[in-house]
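Going by numbering that gives the first Met the number 0, the first residue of the sequence shown is number 0, and it counts up by one from there. Let me begin by presenting the structure, written as structure tokens, before commenting on it.
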Amino acid sequence: MSTDMKPLLPKVALTLIVKDEFSDIAGWLAYHQALGVDTFFIFDDYSKDGTWEILQVASRFYDIRLSRLERPAKSDFWSVQSSLYMRLLQENQDCFEWMGFVDADEYIYLREYDSLPKFLLNFDHADAIAFSWRVYGSSDWAVRPRIPTIQAFTQHAPEDFEEHHQVKSIVRPSKVGSRKTTAHWFDIEDGKYAHPSGKIIPHFQYGVGIDHIDWSAGFLMHYVCRSMEHYITRGKKWGHQFIDGGGRHNHTRWGYINRNDERDVGPLKLLPQIENLLAPIYQTSFQQAIHTLRNLPFGSRENLPMGEKHSDRIKSIFRLYTHFKTFLYYSTEKGSAVHATEEDAARIGLLPIYGIIHEATPDLITFFLPEGNLPFLKISNEERLAQKPLYQMCRTRDPQAIGLTSPMKSNTYLSAQPIHEEVADIQANRENLNEWEFFYLEEVSKNTVAFKNIAHDFYRQDPSQDLPFMPNKHISSLEVLHYLQTAHKIPSTNQVERILSKGSHATKEEISRMVPGLLWGFI
């Protein structure tokens with residue numbers, strides 16, 4: 000046998016009890032999947048915001064053992080949690096070398112490793128690892144961000160903050176004793192509980208926080224605040240620790256835990272993997288939303304306006320070029336949209352990005368990459384993880400140019416950054432329309448093979464069909480629902496996104512409430 004064979008990696012599972020985390024649960028899963036977790040035991044505590052539905056979608060991509068949390072009458076949560084943890088440990092002693100127990104606002108971080116299983120190879124001498132908390136503040140976010148938690152919230156309390164003496168654990172199931180567990184500590188033989196650094200925790204006291212905080216090798220990122228919107232929503236759910244008796248915001252508690260003293264971008268090292276894992280969940284959630292809407296009960300259709308049919312076929316295909324006379328491309332090396340001259344693009348192998356305009360939505364343009372088989376078309380600072388990102392076209396002071404804004408952030412424009420070498424980024428981060436934000440359209444002739452091939456590739460993924468209305472801000476949610484349920488074929492995500500993008504805020508909200516959480520990544 001070869002002496003240089005790599006050691007077998009241990010199988011690792013995480014256990015989570017979750018309730019109403021629709022905006023962040025997919026990101027939590029993607030983060031820990033990127034970290035190498037094999038299996039997730041997830042118990043949903045009867046969420047009402049779409050968390051359960053998102054988890055069902057995610058279970059198509061990850062090994063998620065998903066079920067509802069069973070809570071006997073008059074039982075308190077902590078007893079239910081402890082009994083559940085003990086049962087899982089007993090049932091999985093022969094299935095996993097390590098099992099972790101964390102909450103939905105907690106993320107395991109390793110300073111020197113990108114793989115939790117590889118990290119755990121260092122712990123032959125230990126049967127449990129206690130990860131100290133690192134409490135993160137709001138980073139001045141008032142409303143929920145639409146980007147992953149680790150990207151939005153990078154500021155945290157200093158190491159000597161008293162909450163950091165608390166821990167969460169990863170344990171060997173076969174080594175846990177019979178004493179009742181807590182959410183933080185497990186019954187492990189003395190001298191076998193270690194810090195992430197590998198140092199054994201001395202004078203271990205079961206159920207009590209540790210004396211020495213050790214972040215040298217890893218810790219548990221605890222996003223107890225997140226945005227003010229998160230905090231208030233949790234306050235309504237959990238009560239006195241967030242909201243005082245008069246229903247007012249508990250400023251004392253917020254001031255205590257909303258710590259933004261220090262900044263650390265180290266966790267962002269996993270962001271590219273996280274986005275690649277997140278994109279299919281968001282896109283499949285959109286598809287699931289369409290299927291769900293098609294099957295919802297519908298009342299009387301008698302008063303619905305029955306307009307004439309409107310074609311929604313591809314009207315035009317364009318190449319987009321910038322103020323710098325460069326075209327839009329996708330760089331597989333950078334993993335994002337860039338712009339470059341045609342000569343440089345051909346030499347370094349960039350993939351052309353096209354813009355598709357449909358007849359029913361002539362002021363919307365869909366970016367499309369015919370040659371790319373990517374989870375999503377990455378654009379710097381763009382919140383959506385879309386394979387075919389959609390943009391609203393607007394006028395500029397140059398009558399030949401257009402500005403481009405996301406339907407989700409109409410006050411932010413795409414821009415082409417100045418080129419210093421061969422390529423430069425396309426970014427979604429500008430508040431004003433000036434030359435860098437000007438884009439121009441070069442039409443691909445309909446009589447060419449190129450047009451037919453691009454249209455064929457687009458229709459293969461997103462088949463089009465006629466609409467009973469022209470999408471606009473006056474279309475009601477009932478009209479949208481009626482179309483979805485009576486369409487001959489299941490409408491494509493691109494068509495539905497364009498319809499909703501043209502609709503009023505009220506229509507978008509009403510449709511979103513019909514399928515909680517599933518449209519979060521796009522609407």
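All C-beta atoms, glycine included, are put in the ideal place defined by N, C-alpha and C. Being a predicted model, the structure only gives us computed values, none of them experimental.
L455 - DSSP class collapsed to helix/strand/coil
One-based indexing of the sequence shown puts residue 455 at position 456. Inspection of the sequence shows that residue 455 is occupied by His rather than by Leu. In this structure, H455 counts as helix in the three-state DSSP scheme.
Could you tell me the distance, in whole angstroms, from the CA atom of W519 to the CA atom of Y281?
Walking along the sequence shown from the start, residue 519 turns up at place 520. Walking along the sequence shown from the start, residue 281 turns up at place 282. Taking the straight line from one Cα to the other gives about 8 Å.
Sequence ranges, beta strand (DSSP E) only - wholly within the region 1-27, length at least 3:
11-17
Considering only residues of the same chain and omitting the five flanking positions on each side of G99, which have a CB-CB separation below 6 Å?
Your numbering for residue 99 matches position 100 in the sequence shown. L13, I169.
Contacting residues, own chain, Cβ-Cβ under 6 Å from P144 (five flanking each side not counted):
For the purposes of this step, residue 144 is taken as the residue at position 145 of the sequence shown. Correct list, in chain order: A151.
State the Cα-Cα distance for the pair T492 and L389, rounded to the nearest angstrom.
Mapped onto the sequence shown, residue 492 falls at position 493. Mapped onto the sequence shown, residue 389 falls at position 390. Looking at the two C-alpha atoms, the distance is approximately 11 Å.
So what does DSSP say about K408, is it helix, strand or coil?
Residue mapping note: residue 408 aligns to position 409 of the sequence shown, counting from 1. It is a strand residue.
How would you label A415, buried or exposed, when you count the other beta carbons within 10 angstroms and need 16 or more for buried?
Residue mapping note: residue 415 aligns to position 416 of the sequence shown, counting from 1. Per the 10 Å Cβ criterion, buried.
With a threshold of 8 Å, are at least 3 pairs of Cβ atoms found where one atom belongs to the region 424-444 and the other to the region 305-319?
yes
S58 versus L277, A72, E261, D104, residue with shortest Cα-Cα distance:
Along the sequence shown, read from residue 1 onward, the residue named residue 58 stands at position 59. For the residues L277, A72, E261, D104, the minimum Cα distance to S58 belongs to L277.
Across which residues does DSSP place S315 in a beta bridge pair?
Along the sequence shown, read from residue 1 onward, the residue named residue 315 stands at position 316. S315 pairs with I356.
At the level of alpha carbons, what is the spacing between M513 and T411?
The residue labelled residue 513 in the question sits at position 514 within the sequence shown. The residue labelled residue 411 in the question sits at position 412 within the sequence shown. Answer to the nearest angstrom: the Cα atoms are 28 Å apart.
Determine the contact status of F285 and M407, defining contact as a CB-CB distance below 9 Å.
Numbered from 1 along the sequence shown, position 286 holds the residue referred to as residue 285. Numbered from 1 along the sequence shown, position 408 holds the residue referred to as residue 407. Taking 9 Å as the Cβ cut-off, F285 and M407 do not qualify as a contacting pair.
Please state whether DSSP places W51 in a helix, a strand or coil.
For the purposes of this step, residue 51 is identified with residue 52 of the sequence shown, where counting begins at 1. Three-state result, W51: helix.
Counting Cβ pairs, one atom from each stretch, are 3 or more of them under 8 Å apart for the region 125-132 and the region 155-171?
yes
Determine the burial state of I199: buried for a count of at least 16 other Cβ atoms within 10 Å of its Cβ, exposed for fewer.
For the purposes of this step, residue 199 is taken as residue 200 along the sequence shown, with counting starting at 1. Exposed, because fewer than 16 other Cβ atoms sit within 10 Å of the Cβ of I199.
Backbone CA spacing between I146 and D104 [nearest angstrom]
Residue numbering aside, residue 146 sits at position 147 when the sequence shown is read from its first letter. Residue numbering aside, residue 104 sits at position 105 when the sequence shown is read from its first letter. Each residue's alpha carbon lies about 15 Å from the other.
Are the CB atoms of L120 and I107 within a distance shorter than 9 Å?
For the purposes of this step, residue 107 is taken as the residue at position 108 of the sequence shown. For the purposes of this step, residue 120 is taken as the residue at position 121 of the sequence shown. Contact flag unset, no.
Express the C-alpha separation of Q494 and Q484 in angstroms, rounding to a whole number.
Residue mapping note: residue 484 aligns to position 485 of the sequence shown, counting from 1. Residue mapping note: residue 494 aligns to position 495 of the sequence shown, counting from 1. Rounded to whole angstroms, Q484 to Q494 spans 14 Å at the Cα level.
Tell me whether F375 sits in a helix, a strand or coil according to DSSP, three-state version.
Within the sequence shown, the letter at position 376 stands for residue 375. Of the three classes helix, strand and coil, the one that applies to F375 here is coil, per DSSP.
Please report the straight-line C-alpha distance between W77 and F457, rounded to a whole angstrom.
What you label residue 77 is simply residue 78 of the sequence shown in a count that begins at 1. What you label residue 457 is simply residue 458 of the sequence shown in a count that begins at 1. W77 and F457: Cα-Cα distance of roughly 52 Å.
By the three-class DSSP mapping on this structure, what secondary structure does M469 have?
Within the sequence shown, residue 469 is the residue found at index 470, counting from 1. If DSSP states are grouped into helix, strand and coil, M469 belongs with coil.
Alpha carbons only, please: which of F185, G334, P462, G234 is nearest the one belonging to K488?
Position 489 of the sequence shown holds residue 488. Checking every option, the nearest Cα to that of K488 belongs to P462.
Under a three-way DSSP split, which group does G516 fall into?
For this step, residue 516 is matched to residue 517 along the sequence shown. Note: G516 maps to coil in three-state DSSP.
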